[in-house]
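Per this note's numbering, the very first residue in the sequence shown carries number 4; after that it's consecutive. The next block holds one structure in the form of structure tokens; read it before the comments.
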Amino acid sequence: MSSSQHSNLQPTEGAAGADAWGPRGRALMPGGVSSPVRSFKGVGGEPFFVERGEGPYLVDVRGRRLLDFVMSYGPLILGHAPAPVVAAASAAVARGLSFGAPNPDEVRLAERIVSAMPAVERLRFVNSGTEATMSALRVARAATGRRLVVKFSGCYHGHHDSLLIRAGSGAATLGVPDSAGVPAELAALTVSLPYNDVETVERLFAERGSEIAAVIVEPVAGNMGTVLPAPGFLESLVRLARAAGALVVFDEVMTGFRVGWGGAQGWRGLTPDLTCLAKVIGAGMPVGAYGGRSDLMELVAPEGPVYQAGTLSGNPVAMAAGLAQLTAIGGPDFYEDLAARTEALAQGLEVLGARHRVPVAVPRVGGMMTLFFADQAPQSMAEAEATDRERFRRFFHGMLGEGVFWPPSPFETAFVSAAHDERAIASALAAADKVLASL
Ligand code: KE4
Numbered sequence: 004m005s006s007s008q009h010s011n012l013q014p015t016e017g018a019a020g021a022d023a024w025g026p027r028g029r030a031l032m033p034g035g036v037s038s039p040v041r042s043f044k045g046v047g048g049e050p051f052f053v054e055r056g057e058g059p060y061l062v063d064v065r066g067r068r069l070l071d072f073v074m075s076y077g078p079l080i081l082g083h084a085p086a087p088v089v090a091a092a093s094a095a096v097a098r099g100l101s102f103g104a105p106n107p108d109e110v111r112l113a114e115r116i117v118s119a120m121p122a123v124e125r126l127r128f129v130n131s132g133t134e135a136t137m138s139a140l141r142v143a144r145a146a147t148g149r150r151l152v153v154k155f156s157g158c159y160h161g162h163h164d165s166l167l168i169r170a171g172s173g174a175a176t177l178g179v180p181d182s183a184g185v186p187a188e189l190a191a192l193t194v195s196l197p198y199n200d201v202e203t204v205e206r207l208f209a210e211r212g213s214e215i216a217a218v219i220v221e222p223v224a225g226n227m228g229t230v231l232p233a234p235g236f237l238e239s240l241v242r243l244a245r246a247a248g249a250l251v252v253f254d255e256v257m258t259g260f261r262v263g264w265g266g267a268q269g270w271r272g273l274t275p276d277l278t279c280l281a282k283v284i285g286a287g288m289p290v291g292a293y294g295g296r297s298d299l300m301e302l303v304a305p306e307g308p309v310y311q312a313g314t315l316s317g318n319p320v321a322m323a324a325g326l327a328q329l330t331a332i333g334g335p336d337f338y339e340d341l342a343a344r345t346e347a348l349a350q351g352l353e354v355l356g357a358r359h360r361v362p363v364a365v366p367r368v369g370g371m372m373t374l375f376f377a378d379q380a381p382q383s384m385a386e387a388e389a390t391d392r393e394r395f396r397r398f399f400h401g402m403l404g405e406g407v408f409w410p411p412s413p414f415e416t417a418f419v420s421a422a423h424d425e426r427a428i429a430s431a432l433a434a435a436d437k438v439l440a441s442l
């Protein structure tokens, strides 16, 4: 379905000077964006500016309607502007935007999360996934009295210094900062290993186990594209960490309420010591949370010595939105239908790849998936980096030309929502049929 078939709406107020938004933004903000991936730097070209979202669609300032599989990188599991969330957030706004005092919806949302997530006994709300992982690591270092943190290459846990690190050359190497401005002394406190490589984890624990405060992992990786945990990988991490007295932190910012009602920990029957959440629990509003064992959360101020704070943490509008979204999801049954929608899209892409003799691999779980141009699904960042990224770039732009907004990087996950009905999935596959034929 071409973009012209989608644009059955009048140009919107932003249309006036539509071409000017980019230069105006870039004059004032790095890349003209508030987060780098939105700049399309990974695929080239100019980002479009959005006027509004509705269901599975975005409408840009020219009135062009795009079928959206970015979905704000994960939060919008019900689709754009779902009625119950809009109603709850609007009512909350009318009662005031922030109180600087606790509010009932904070408690209601915490109760909902604790009842769903097996390993979360108590939690603290923050404003982003970055804050959640940063705070969880502080708790882990305080609880263990240790400094070393282990992460996995290709896993992204937000942009704070300790985790903006990935493997240097070879495994078990001291972190090589992903960013300028991260002091070498700090990078030395983070070791980044290849995802799904149990041997390197065993070796590190044998050599430095007594120094390790925590192992933090995306239980389903979503930031090198979707990479599933190999059988036994997560279980080995838990076993090795527990044996060494280190804590296990599941970064479920993306997988929480995305792969199932109990997140990946529920899906795999595992119990990390600490869990980080964001995205779906905020419904598109700035919400993060970290939580886990009660004895660990008792370390957090004002109950304990680990300081962490936030002016807008537990914001009443954000809490109302997140609560409305989790209430609308309802419980585990929601995910059967969501996974079926994802499966229809993924299988359709596999069929089309075969038809057009284009090697594709489509790992998926729950409402998340990735289209890799490769013969097999990557098991690590190195394998993800070896996929055909030029072909992906052409796929991205081809789909955009057909009115489908695919994630603008081969290392970003595509998200399906409850609003992606059969017609939307069929439209996406019709577009992919045309685009894959041209690749
Ligand atoms: P935020 O600080 O962006 O809310 O969350 C950081 C974060 C932490 N952990 C995981 C597993 C995450 O996926 C993220 C953020 N995800 C990216 C998408 N790959 C955010 C998109 C962006 O950076 O704009």
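Just so it is clear, CB atoms sit at the ideal spot from N, CA and C, and this is done for glycine as well.
Counting only unbroken stretches of 3 or more residues, the beta strand (DSSP E) elements lying wholly within the segment 272-304 are 277-280, 291-295, in sequence order. When C-alpha distances from T147 are compared across A190, F51, G248, the shortest belongs to G248. Judged by beta-carbon spacing, V220 lies within the 9 angstroms limit of L240, meaning their Cβ atoms are closer than that value. Distances between the C-beta of Y76 and the heavy atoms of ligand 1 include at least one below 8 angstroms. DSSP places D436 in the helix class (H, G or I) of the three-state scheme.
In this structure E109 does not touch L151 by the C-beta definition: roughly 34 angstroms separates them, more than the 8 angstroms allowed.
Residue K282 holds the alpha-carbon nearest to the alpha-carbon of G77 among V40, H162, K282, F253.
Between E415 and the set A113, A224, G48, the nearest pair of CA atoms involves A224.
H162 and L326 have their C-alpha atoms spaced approximately 26 angstroms apart. Rounded to the nearest whole angstrom, the C-alpha separation of G263 and N106 is 28 angstroms. Less than 9 angstroms separates the beta-carbon of Q268 from that of M120. In the DSSP assignment, H83 is bridged to G58. Excluding five sequence positions before and after A321, the CB atoms of its chain that fall closer than 7 angstroms to its own CB belong to G285, M288, P289, V290, given in chain order. Approximately 7 angstroms separates the beta-carbon atoms of F260 and I80; this is inside 8 angstroms, confirming the contact.
Under the DSSP assignment, L329 falls in the alpha helix (DSSP H) whose first and last residues are 319-332.
Within the chosen limit of 8 angstroms, ligand 1 does not reach the beta carbon of S239 with any heavy atom.
Boundaries of the alpha helix (DSSP H) around V354: 337-358. With fewer than 16 other beta carbons inside 10 angstroms of its own, G184 counts as exposed. At the C-beta level, V204 and L196 come within 9 angstroms of one another. Y60 and D298 have their C-alpha atoms some 44 angstroms from each other.
The closest CA to that of P305, considering only P50, R127, G48, L243, is found on R127. In the DSSP annotation of this structure, the continuous segment of the beta strand (DSSP E) that includes F128 starts and ends at 125-129.
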